[in-house]
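The sequence shown begins at 586 in our numbering and counts up by one. Beta carbons: idealized from backbone N, C-alpha and C, even for Gly.
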Amino acid sequence: VFHSSTMKLNTIILAALVLVIMQACSDSKARSKSQKITEKIPVKVIELSKTDVRPVIHTSGSFSTDDEQQLSFKTGGVIERIFVKAGDAVRQGQLLATLNLTEINAQVAQAELAYEKAKRDHARVSNLYRDSVATLEQFQNVKTGLDVAQRQLEAAKFNRSFSEIRAISNGYVLQKMANVGQVVSGGTTVFITNGAREGKWLIKVGVSDREWASIRLGDKGTVTTDALPGKVIAATVTRKSETTDAATGSFIIELTLNEKVASLASNMFGKVTINASNVQQLWRIPYEALLDGDAKSGYVFITNDGQKAVKVPVAVAGLDKDHVLIAGGLENAKSLIVTGSAYLRDGSSIQVIR
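The structure is reproduced here in structure tokens:
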């Protein structure tokens with residue numbers, strides 16, 4: 586009996602200890618949770634204000650020349666011969682392709698016959714008119730017919746003279762877009778050539794609308810390419826497109842290289858830095874304040890009351906040495922959080938440290 590009573594007592598004591606331990610754990614968790622809820626994350630902030638900035642724009646594009654030409658036959662027909670292929674060097678006036686002249690020669694011959702008949706008619710009616718047999722109206726009609734036949738013959742001969750394609754300038758064949766035996770209509774591009782042999786290169790790059798607005802004609806820039814390692818080429822903005830490119834959706838800027846450069850090829854890739862001259866009012870913030878950033882956008886944390894962190898999206902305008910240039914998103918922000926951002930979430934409690 587004594588042994589049984591002792592066991593019951595031990596069981597009661599053990600149960601009481603378990604209850605005490607569970608209550609202590611529960612109280613500890615509650616205190617920990619309460620501490621987490623009220624814990625403030627220490628951060629450093631800076632006051633925000635816009636500053637005048639001349640953006641430095643970094644972009645890329647492809648090399649070209651200012652004299653690319655699309656060459657075609659004036660009249661349609663069957664291609665008889667092609668004398669060059671893509672990549673060939675050509676000289677000014679060089680024959681590149683010809684049409685089969687069978688049909689065109691027949692048209693010239695027909696025009697010549699019509700012209701000879703018109704001359705005979707004109708001579709006959711002229712004699713009759715002098716003899717007062719033909720009327721003035723008849724004489725005028727044959728004279729008009731002769732003039733028309735002469736113009737038709739001239740047009741036929743002109744078209745025959747343009748039934749061949751010749752190089753307009755020294756350069757290279759960039760593309761050959763037709764083959765022997767192919768039927769082409771007048772104006773259909775057969776070759777694309779450029780004047781690369783003269784070394785007058787330019788580079789076409791795409792920019793955003795904001796970057797386009799900051800660039801002026803005459804702005805200076807630099808160009809680099811893997812084809813010329815270590816070489817930095819000075820360039821000048823010489824054209825701004827007035828609409829976006831249909832393929833890329835960006836605005837096209839052309840920069841002309843300020844020196845003749847060899848060892849380049851059309852459509853070769855290059856990197857460009859443009860020193861834009863139009864002053865813009867932007868926010869300049871430290872790199873570490875920008876989160877999930879890319880070339881166009883990112884996030885930052887701001888605070889207006891010094892108590893709560895607010896996550897806001899921003900538009901990135903570019904880079905300026907050790908700062909990021911922000912174009913939009915901070916209009917209603919007072920202070921920017923520059924340290925401690927990695928530990929924050931939208932709405933986190935903060936403690937501003939000096």
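7 angstroms Cβ shell around residue i - same chain, five flanking residues per side excluded
{"i": "residue 923", "result": "629, 630, 631, 871, 873, 874"}
{"i": "residue 627", "result": "925, 936, 938"}
{"i": "residue 685", "result": "662, 663, 665"}
{"i": "residue 927", "result": "none"}
{"i": "residue 812", "result": "848, 849, 853"}
{"i": "residue 766", "result": "663, 664"}
{"i": "residue 738", "result": "696, 697, 700"}
{"i": "residue 713", "result": "719"}
{"i": "residue 633", "result": "868, 915, 918, 919, 920, 921"}
Same chain, Cβ closer than 8 angstroms to residue i, neighbours up to 5 away in sequence not counted
{"i": "residue 621", "result": "At residue 621, the pLDDT of 47 sits below 50, so the modelled position is not reliable; the number obtained from the coordinates is stated separately. There are no such residues."}
{"i": "residue 625", "result": "934, 935, 936"}
{"i": "residue 670", "result": "758, 761"}
{"i": "residue 929", "result": "626, 628, 886, 894, 896, 922, 935"}
{"i": "residue 932", "result": "893, 894, 895"}
{"i": "residue 771", "result": "657, 658, 659, 660, 661"}
{"i": "residue 729", "result": "none"}
{"i": "residue 908", "result": "869, 870, 871, 872"}
{"i": "residue 779", "result": "649, 650, 652, 653, 654, 756, 757, 759, 851"}
{"i": "residue 884", "result": "875, 876, 877, 878, 896, 897, 898, 899"}
{"i": "residue 802", "result": "822, 823, 824, 825"}
{"i": "residue 864", "result": "637, 638, 639"}
Boundaries (first-last residue) of the beta strand (DSSP E) holding residue i
{"i": "residue 687", "result": "No beta strand (DSSP E) holds residue 687; the alpha helix (DSSP H) holding it covers 687 to 715."}
{"i": "residue 647", "result": "641 to 650"}
{"i": "residue 905", "result": "895 to 905"}
{"i": "residue 944", "result": "Nothing about residue 944 can be read from this structure; the chain reaches only from 586 to 939."}
{"i": "residue 840", "result": "836 to 842"}
{"i": "residue 856", "result": "854 to 860"}
{"i": "residue 886", "result": "882 to 888"}
{"i": "residue 633", "result": "Run containing residue 633: none; DSSP gives neither H nor E here."}
{"i": "residue 625", "result": "Where residue 625 is concerned, there is no enclosing beta strand (DSSP E), given that its DSSP letter is neither H nor E."}
{"i": "residue 826", "result": "818 to 829"}
{"i": "residue 867", "result": "865 to 871"}
{"i": "residue 749", "result": "749 to 751"}
{"i": "residue 759", "result": "756 to 761"}
{"i": "residue 937", "result": "935 to 937"}
{"i": "residue 656", "result": "654 to 657"}
{"i": "residue 665", "result": "662 to 667"}
Supposed contact pair residue j and residue i - C-beta distance, whole angstroms, cut 8 angstroms
{"i": "residue 829", "j": "residue 835", "result": "6 angstroms"}
{"i": "residue 857", "j": "residue 891", "result": "That pair is no contact at about 43 angstroms."}
{"i": "residue 639", "j": "residue 920", "result": "The pair is not a contact, with the Cβ atoms about 26 angstroms apart (cut-off 8 angstroms)."}
{"i": "residue 788", "j": "residue 859", "result": "About 11 angstroms separates the two Cβ atoms, so there is no contact after all."}
{"i": "residue 744", "j": "residue 689", "result": "7 angstroms"}
{"i": "residue 790", "j": "residue 646", "result": "3 angstroms"}
{"i": "residue 849", "j": "residue 668", "result": "Not a contact, Cβ separation roughly 25 angstroms."}
{"i": "residue 636", "j": "residue 795", "result": "Contact doesn't hold; Cβ gap of about 16 angstroms is too wide."}
{"i": "residue 655", "j": "residue 777", "result": "6 angstroms"}
{"i": "residue 876", "j": "residue 910", "result": "Wrong, their Cβ atoms sit about 16 angstroms apart, outside the cutoff."}
Alpha helix (DSSP H) segment containing residue i, residue limits
{"i": "residue 724", "result": "721 to 746"}
{"i": "residue 799", "result": "794 to 799"}
Of the residues the options, the one placed nearest residue i, counting alpha carbons only
{"i": "residue 741", "options": "705, 691, 903, 813", "result": "691"}
{"i": "residue 823", "options": "777, 695, 843, 667", "result": "843"}
{"i": "residue 651", "options": "786, 715, 739, 838", "result": "786"}
{"i": "residue 817", "options": "855, 837, 653", "result": "855"}
{"i": "residue 851", "options": "809, 819, 653", "result": "653"}
{"i": "residue 810", "options": "853, 726, 768, 655", "result": "853"}
{"i": "residue 827", "options": "707, 839, 821, 820", "result": "839"}
{"i": "residue 725", "options": "739, 738, 709, 737", "result": "709"}
{"i": "residue 808", "options": "644, 797, 634", "result": "644"}
{"i": "residue 804", "options": "815, 821, 793, 792", "result": "821"}
{"i": "residue 681", "options": "882, 723, 752", "result": "752"}
{"i": "residue 889", "options": "918, 674, 779, 694", "result": "918"}
{"i": "residue 792", "options": "634, 906, 881, 687", "result": "881"}
{"i": "residue 683", "options": "769, 705, 722", "result": "769"}
{"i": "residue 727", "options": "703, 763, 717", "result": "703"}
{"i": "residue 905", "options": "634, 641, 633", "result": "641"}
{"i": "residue 837", "options": "775, 798, 845, 717", "result": "798"}
Neighbourhood of residue i by C-beta distance below 6 angstroms, restricted to the same chain and skipping five residues each side
{"i": "residue 676", "result": "755"}
{"i": "residue 705", "result": "none"}
Contact test: residue i Cβ vs the ligand PLP heavy atom, cutoff 7 angstroms
{"i": "residue 861", "result": "This structure lacks the ligand PLP, and indeed carries no ligand of any kind."}
Within the chosen definition, does the region 698 to 709 reach the region 728 to 742 through at least 3 CB pairs nearer than 8 angstroms?
Touching, per the Cβ criterion.
Is the region 894 to 905 touching the region 914 to 922 in the sense that three or more CB pairs, one from each, lie closer than 8 angstroms?
yes
Using 8 angstroms as the Cβ pair cut-off and three pairs as the minimum, do the region 739 to 756 and the region 641 to 660 touch?
Yes, the region 739 to 756 is in contact with the region 641 to 660.
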